[in-house]
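Take a look at the structure below.
In my numbering, the protein residues as written are 7 to 77.
Printed below as a string of C-alpha coordinates:
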(Lines of atoms letter the chains of each structure in order from A; the text may use other names.)
(Lines give C-alpha, C1' and ligand atoms only; values in the text may rest on other atoms or scores of the structure.)
Protein backbone atom coordinates (compact mmCIF):
# COMPACT_ATOMS: atom_id res chain seq x y z
CA UNK A 7 0.00 0.00 0.00
CA UNK A 8 1.47 3.34 -1.09
CA UNK A 9 0.53 6.49 0.81
CA UNK A 10 1.04 9.80 -0.95
CA UNK A 11 1.67 13.05 0.90
CA UNK A 12 -1.51 14.44 -0.59
CA UNK A 13 -3.37 11.77 1.41
CA UNK A 14 -2.48 13.53 4.68
CA UNK A 15 -5.41 15.74 5.59
CA UNK A 16 -5.45 18.68 8.02
CA UNK A 17 -7.16 16.40 10.56
CA UNK A 18 -4.28 13.94 10.18
CA UNK A 19 -1.75 16.72 10.79
CA UNK A 20 -3.59 17.73 13.97
CA UNK A 21 -3.55 14.13 15.19
CA UNK A 22 0.18 13.84 14.45
CA UNK A 23 0.78 17.11 16.33
CA UNK A 24 -1.20 15.98 19.37
CA UNK A 25 0.65 12.66 19.47
CA UNK A 26 4.00 14.48 19.20
CA UNK A 27 3.06 16.75 22.11
CA UNK A 28 1.98 13.77 24.20
CA UNK A 29 5.21 11.87 23.48
CA UNK A 30 7.78 14.66 23.70
CA UNK A 31 6.04 17.40 25.67
CA UNK A 32 5.52 21.02 24.64
CA UNK A 33 8.91 22.21 25.94
CA UNK A 34 10.89 19.65 23.93
CA UNK A 35 9.16 20.17 20.55
CA UNK A 36 10.95 23.43 19.59
CA UNK A 37 14.31 21.79 20.33
CA UNK A 38 13.39 18.80 18.19
CA UNK A 39 12.26 21.06 15.36
CA UNK A 40 15.49 23.03 15.50
CA UNK A 41 17.55 19.82 15.50
CA UNK A 42 15.60 18.43 12.54
CA UNK A 43 16.04 21.69 10.62
CA UNK A 44 19.79 21.79 11.15
CA UNK A 45 20.08 18.09 10.21
CA UNK A 46 18.14 18.65 6.99
CA UNK A 47 20.25 21.72 6.18
CA UNK A 48 23.49 19.76 6.67
CA UNK A 49 22.17 16.88 4.55
CA UNK A 50 21.13 19.29 1.78
CA UNK A 51 24.56 20.96 1.79
CA UNK A 52 26.32 17.59 1.72
CA UNK A 53 24.27 16.31 -1.20
CA UNK A 54 24.73 19.61 -3.02
CA UNK A 55 28.48 19.23 -2.61
CA UNK A 56 28.34 15.72 -4.03
CA UNK A 57 26.29 16.91 -7.00
CA UNK A 58 28.75 19.76 -7.63
CA UNK A 59 31.68 17.32 -7.52
CA UNK A 60 29.87 15.07 -10.00
CA UNK A 61 29.26 18.01 -12.35
CA UNK A 62 32.95 19.02 -12.16
CA UNK A 63 34.01 15.46 -12.99
CA UNK A 64 31.69 15.34 -16.01
CA UNK A 65 33.05 18.67 -17.28
CA UNK A 66 36.63 17.42 -16.97
CA UNK A 67 35.81 14.23 -18.88
CA UNK A 68 34.10 16.21 -21.66
CA UNK A 69 37.04 18.63 -21.90
CA UNK A 70 39.48 15.72 -22.01
CA UNK A 71 37.51 14.04 -24.83
CA UNK A 72 37.36 17.31 -26.77
CA UNK A 73 41.12 17.77 -26.41
CA UNK A 74 41.73 14.21 -27.64
CA UNK A 75 39.50 14.81 -30.70
CA UNK A 76 41.43 18.00 -31.61
CA UNK A 77 44.79 16.20 -31.76
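Each residue gets a CB set at the ideal place from its N, CA and C atoms; glycine is no exception.
Residue 32 in three-state terms, based on DSSP: coil
Can the beta-carbon of residue 49 be found less than 9 Å from the beta-carbon of residue 38? no
My guess is that residue 26 and residue 35 are in contact by the Cβ rule of under 8 Å, so how many angstroms apart are they, rounded? 6 Å
Rounded to whole angstroms, what is the Cα-Cα separation between residue 28 and residue 56? 39 Å
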